[in-house]
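Numbering (mature numbering (1 follows the signal peptide of the UniProt record, and there is no 0)), first residue to last: -26 to -1, 1 to 777.
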C-alpha cells in the first residue's frame, strides 16, 4: 500500500514538473504543444517586446506582429501576415507539423508561414529581447528562420540590412501602404553598391533618395550625420560579396529605431522607456533631398530661389521648361571640353580647368580609385572621360565619367567637388566676378558716401537745433520777446539767465518715451497744452508738457516757466528736468508724480471711497501739494501785490471774476481758486462740469443755494457724510464760500483762511454771494472757449503726496 502511494506521488511530481516547464517556456516561446490564440501575447524575457495580435487604427483586420512593450505609443516593428490579414478574432500562431511557424485562421487554414525548406520535426519559436523572433531546431539550437531577415518597415538595433552584389539577394525595409494598412507599400530602403556602398530609397524601381557613399564612419551625403549620429553605425563587407548595415547605440536606456514611412521618408524615432516617441532625424527635409531634383548638371540649394541652377559652364537643356520650374531635363555643357574639340578637329586651345564647388553632396554613379589626394586631380585630367573628381579622407579618390546627377549644395558638411569645364568658362567667370566686384565696390562706395553725408547732415542739424535751443534758453526776457513780435514783453529782475546745466531733450527722445504722444499716455490738459507720461531709455519716468499748437498762449508761459523754475527748488514745486525746442515744438520735462492727481480720487466713482473725510481734511489743512508752476504769479515782480495782464490765460472755473473779466490779478485771485478747490473736495463734484437739474447752475451757485436753504447734507459728498465730522465739514463749506465771494476785498487772505480752517478764528463772518451766476458761467465759458486761451480742467493741479 505504501509503495503504491509513493509511486503515485512520484508520478504527480513528474506531471507538475512538466507543467512548470511548459509554463516557464510559455513566457517568450511557442512550441508544437504551446501556441497563442488571439488576443493572447508573448513577451520577451527582458520585457521589452511583445508578440501577438493587433489591429491598425481604423481597421478591424487582425495581424500578427511585434511591438514595444514599454512605450505607451503604439509602435509595431514587424508584421507576419502583412498581405493576408485575419478577418476575425479566431486566429492562432503555432508550429506546424513540418516545423514551420504559421498563422492559422478560424478554419485552421494557413494564411502565413515562415516557409523554411525541408522538414524540422522538433522546432520552437522564441521572442528575443532584441525584438527578433527566431525559429530554431531544438536538438542543435540552430536558427533556421528569423524575423530580422524578413523585416517590415522598421530597423531596430542589431538588425541588419544587407545586399549581396553577386546574388543580388537583399534584406531591406518596405513601407506600409498607408498608416492604417501594413501591406507592402511602394517604397523600400536598403544598401546600394555601385563601386561604393550607400543607402538608397526606391519608389518602386526608381531611386527616390540616396545617402551618398559610406566613408568607414558616416555617409558623406548626410551633412548632419557628423553631429547627430555620433557612434554605433556599421557598414561592413564580409569579403564574400555581402554588405551589412546596422546600428547599436551604446546607451541602451534610450530606445531608438528607423522607420520607412508610407510617404517614402526615413524617420529616426527615440524614446525614454515609457514615454512617447520623438523625431530625431528625417532623411528628406527639403525638396533638394529628392533624387535628381535638378536633373543632370543641375545643382540644388534649398536656400536659393529658385532652388535649381545650372553649374558654371552649363545652361538649361530646355529653357522654357526650366523657367516653368520643371528642372528634370537638367543642363547641358555650353563650351566643349578640350578632348572633344580635338576629336572634332577644332583648335586645341588651353587645357581644361576644374570648377571648385564646396560642401557638396557628391553625384551618383561614382568611380573609385586608391589614388592619394595630390594625384586625384591629375588622374582625372589625364582621362578624357573624367568630368569631375572629389577626395574624402575616409573614402579616397572619387571620380565621375557619366552625367552628374543628384548634386546638392549644403550649408554644413559635404565634400569639395571639382567639375571639369573649358578654360574659357573660368575666364568668363573671372570676368563676371571682376565685373560684379567692381560694380559692388562702386555701389558700396556711393552708398557709404551717401550714408556718411546723410549722417553728417543729420548731426549738423541736430547740433544746430541744440545750439538754437541753448541760445533761446540763454536769452533774457527782453531779448527773447524781441525775437517774437506781437508777444507781451515780460519784466524780470534778472538781466540774464544762463541755463547751461539744463538738459536738452530731442523731439525723437520724447516721442519714443511717450509712445509718440499716444492718447493712453495722456495725463491731462492745461492752459499750456497736454501733459503726457513717458519713460526714458534708462527707465526714469517723466511728465512731458507739450505746447499746444492751437493755443494762442503758451510761448509766454514757456519762456517764463523755463526762466523762473529751471534753477528753483521748492517743496511744492515739481522738479524741472529739461526742455525741448525744435521748430514749432516746445516742451518741458518734469519728474513724474506717481500718486497722480487729486481729481482722480475725487471724481472717479470707483475711487471716491478711498478718500474718507479724515484724508480730505488732511489734504485741505496740511498735505504737501506738488504743482508744475506758480500760475500767473510767476510773471510779476517779487515786490508786487497785484498787476494787470494784457490777456487772460488759465483754467476757467478757477479764475477770480476780476481777473477773468478785467485781467486784474492779485493775492485774492489765489484764494478764490483755493475756495473752489475746497468746495470740490467737500462736495465730490467737479466745478467746471457740474450742472444741477435742468438749470444751468454751476457748483458755486448750487452750494450757495443749498447753504441759504440750510440743506447742507445735499451738497456734501455721500462718502463723507458722517455725523462725527459734521462741524468740520460745515466749517470747510463756510470758509470755501468766504473764499469765492464776488468782490476781492471781501475774501480773506491765505493766512486768515488757514486760521479759520484750524478753528483759531471761532466766529466766521457770513459769506456774501459767490462770483458768477449760472448764466454768466455758461455764456462766458462758451464764448471764451472759442478763443485760443481757454482750457477746461481735466486735471486738478494739486498732486497728492504724503508728508
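All C-beta atoms in this analysis are idealised placements derived from N, C-alpha and C, irrespective of residue type, glycine included.
What does DSSP give as the partner residues of residue i in its beta bridges?
{"i": "residue 172", "result": "166"}
{"i": "residue 423", "result": "None, per the DSSP bridge assignment."}
{"i": "residue 382", "result": "274 and 335"}
{"i": "residue 39", "result": "26 and 53"}
{"i": "residue 561", "result": "520 and 554"}
{"i": "residue 3", "result": "100"}
{"i": "residue 84", "result": "78"}
{"i": "residue 372", "result": "342 and 364"}
{"i": "residue 155", "result": "152"}
{"i": "residue 253", "result": "243"}
{"i": "residue 515", "result": "509"}
{"i": "residue 590", "result": "None; residue 590 has no bridge partner."}
Flag this pair as yes or no: are the beta carbons of residue i and residue j separated by less than 8 angstroms?
{"i": "residue 12", "j": "residue 65", "result": "yes"}
{"i": "residue 67", "j": "residue 10", "result": "yes"}
{"i": "residue 797", "j": "residue 147", "result": "The structure shown does not extend to residue 797, since the chain spans only -26 to 777, so no value can be given for it."}
{"i": "residue 503", "j": "residue 484", "result": "no"}
{"i": "residue 219", "j": "residue 165", "result": "yes"}
{"i": "residue 107", "j": "residue 25", "result": "yes"}
{"i": "residue 389", "j": "residue 336", "result": "yes"}
{"i": "residue 494", "j": "residue 518", "result": "no"}
{"i": "residue 167", "j": "residue 234", "result": "no"}
{"i": "residue 394", "j": "residue 354", "result": "yes"}
{"i": "residue 185", "j": "residue 193", "result": "yes"}
{"i": "residue 57", "j": "residue 210", "result": "no"}
{"i": "residue 653", "j": "residue 707", "result": "yes"}
{"i": "residue 96", "j": "residue 74", "result": "no"}
Roughly how many whole angstroms lie between the Cα atoms of residue i and residue j?
{"i": "residue 101", "j": "residue 144", "result": "23 angstroms"}
{"i": "residue 255", "j": "residue 197", "result": "12 angstroms"}
{"i": "residue 262", "j": "residue 270", "result": "14 angstroms"}
{"i": "residue 333", "j": "residue 357", "result": "25 angstroms"}
{"i": "residue 780", "j": "residue 565", "result": "Nothing about residue 780 can be read from this structure; the chain reaches only from -26 to 777."}
{"i": "residue 251", "j": "residue 94", "result": "40 angstroms"}
{"i": "residue 265", "j": "residue 156", "result": "26 angstroms"}
{"i": "residue 480", "j": "residue 437", "result": "11 angstroms"}
{"i": "residue 227", "j": "residue 245", "result": "9 angstroms"}
{"i": "residue 61", "j": "residue 289", "result": "58 angstroms"}
{"i": "residue 645", "j": "residue 713", "result": "6 angstroms"}
{"i": "residue 267", "j": "residue 342", "result": "24 angstroms"}
{"i": "residue 396", "j": "residue 373", "result": "18 angstroms"}
{"i": "residue 224", "j": "residue 207", "result": "11 angstroms"}
{"i": "residue 213", "j": "residue 170", "result": "14 angstroms"}
{"i": "residue 491", "j": "residue 642", "result": "37 angstroms"}
{"i": "residue 152", "j": "residue 236", "result": "5 angstroms"}
{"i": "residue 512", "j": "residue 238", "result": "56 angstroms"}
{"i": "residue 399", "j": "residue 287", "result": "6 angstroms"}
{"i": "residue 587", "j": "residue 700", "result": "10 angstroms"}
{"i": "residue 647", "j": "residue 718", "result": "12 angstroms"}
{"i": "residue 680", "j": "residue 689", "result": "7 angstroms"}
{"i": "residue 793", "j": "residue 367", "result": "For residue 793 there is no data in the structure shown, the boundaries of the chain being -26 and 777."}
{"i": "residue 703", "j": "residue 694", "result": "9 angstroms"}
{"i": "residue 505", "j": "residue 627", "result": "20 angstroms"}
{"i": "residue 76", "j": "residue 258", "result": "37 angstroms"}
Grab the span of the beta strand (DSSP E) containing residue i for me, first residue to last.
{"i": "residue 847", "result": "In the structure as shown, the chain starts at -26 and stops at 777, and residue 847 therefore has no counterpart that could be examined."}
{"i": "residue 207", "result": "207 to 211"}
{"i": "residue 230", "result": "228 to 234"}
{"i": "residue 730", "result": "From DSSP, residue 730 is part of no beta strand (DSSP E) but of the alpha helix (DSSP H) over 724 to 731."}
{"i": "residue 152", "result": "147 to 152"}
{"i": "residue 803", "result": "The question about residue 803 has no answer, for the chain in this structure spans -26 to 777."}
{"i": "residue 711", "result": "No beta strand (DSSP E) holds residue 711; the alpha helix (DSSP H) holding it covers 700 to 713."}
{"i": "residue 111", "result": "107 to 111"}
{"i": "residue 180", "result": "180 to 184"}
{"i": "residue 136", "result": "135 to 138"}
{"i": "residue 119", "result": "117 to 120"}
Between which two residues does the alpha helix (DSSP H) harbouring residue i extend?
{"i": "residue 350", "result": "347 to 355"}
{"i": "residue 644", "result": "641 to 657"}
{"i": "residue 396", "result": "Careful: residue 396 lies outside any alpha helix (DSSP H) and carries neither H nor E."}
{"i": "residue 681", "result": "673 to 682"}
{"i": "residue 485", "result": "481 to 487"}
{"i": "residue 686", "result": "686 to 689"}
> What runs of the alpha helix (DSSP H), each 4 residues or longer, lie entirely inside the region 277 to 301?
Replying inline: Contiguous alpha helix (DSSP H) elements confined to the region 277 to 301 occur at 293 to 297, taking only those with 4 or more residues.
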